[in-house]
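Residue numbers (my numbering): 161 to 276.
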């Protein structure tokens with residue numbers, strides 16, 4: 161996940177808590193939580209804190225990218241579906257890469273477990 165604060169408007173006024181991006185949107189970012197809406201005080205008032213999830217079992221090539229390239233992919237995805245094209249450049253607050261975050265139970269999983 162990558163957190164990107166951007167001065168493009170007050171996310172606290174947006175309904176909900178984030179967005180999900182289907183693969184058909186053409187972005188690598190799976191979803192974004194509006195952290196500054198969920199948890200007021202997490203960032204200065206003139207910023208918005210976005211927590212982005214990127215990658216997944218269908219985008220394993222992401223693990224080969226540098227941290228800077230990952231930030232670029234997140235920023236690109238946010239500009240496609242959430243931010244205005246002229247939004248300020250992201251200011252990265254933190255990044256955590258989880259190589260095996262969520263187990264993937266593919267077809268045949270139950271049969272495999274029965275054999276074990």
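Built from N, CA and C at the ideal position, the CB exists for glycine as well.
### Query
Just checking my contact of residue 188 with residue 232 at CB under 8 Å: how many whole Å lie between their CB atoms?
Between residue 232 and residue 188 the Cβ distance is about 10 Å, and since that is not below 8 Å, they are no contact.
### Query
Which same chain residues, not among the five before or five after residue 229, have their C-beta less than 7 Å away from its C-beta?
none
### Task
Quick one: give me the first and last residue of the alpha helix (DSSP H) that residue 257 is part of.
No alpha helix (DSSP H) contains residue 257, which DSSP labels as neither H nor E.
### Task
Quick one: measure Cβ to Cβ for residue 263 and residue 223, integer angstroms, because I've assumed they're closer than 8 Å.
About 17 Å separates the two Cβ atoms, so there is no contact after all.
### Task
Alpha carbon to alpha carbon, how far is residue 271 from residue 253? Give it in angstroms, no decimals.
43 Å
### Under 8 Å between C-beta atoms of residue 185 and residue 241
yes
### Query
So what does DSSP say about residue 217, is it helix, strand or coil?
coil
### Query
For residue 210, which three-state DSSP category applies?
strand
### Query
By Cβ distance, which residues of its chain are closer than 8 Å to residue 219, with the 5 residues on each side in sequence left out?
188
### Query
Should residue 227 be labelled buried (16 or more other beta-carbon atoms within 10 Å of its own) or exposed?
exposed
### Task
Would you decide whether residue 200 is buried or exposed? Buried here means 16 or more other CB atoms lie within 10 Å of its CB.
exposed
### Assigned exposure category for residue 250 - 16 Cβ within 10 Å defines buried
buried
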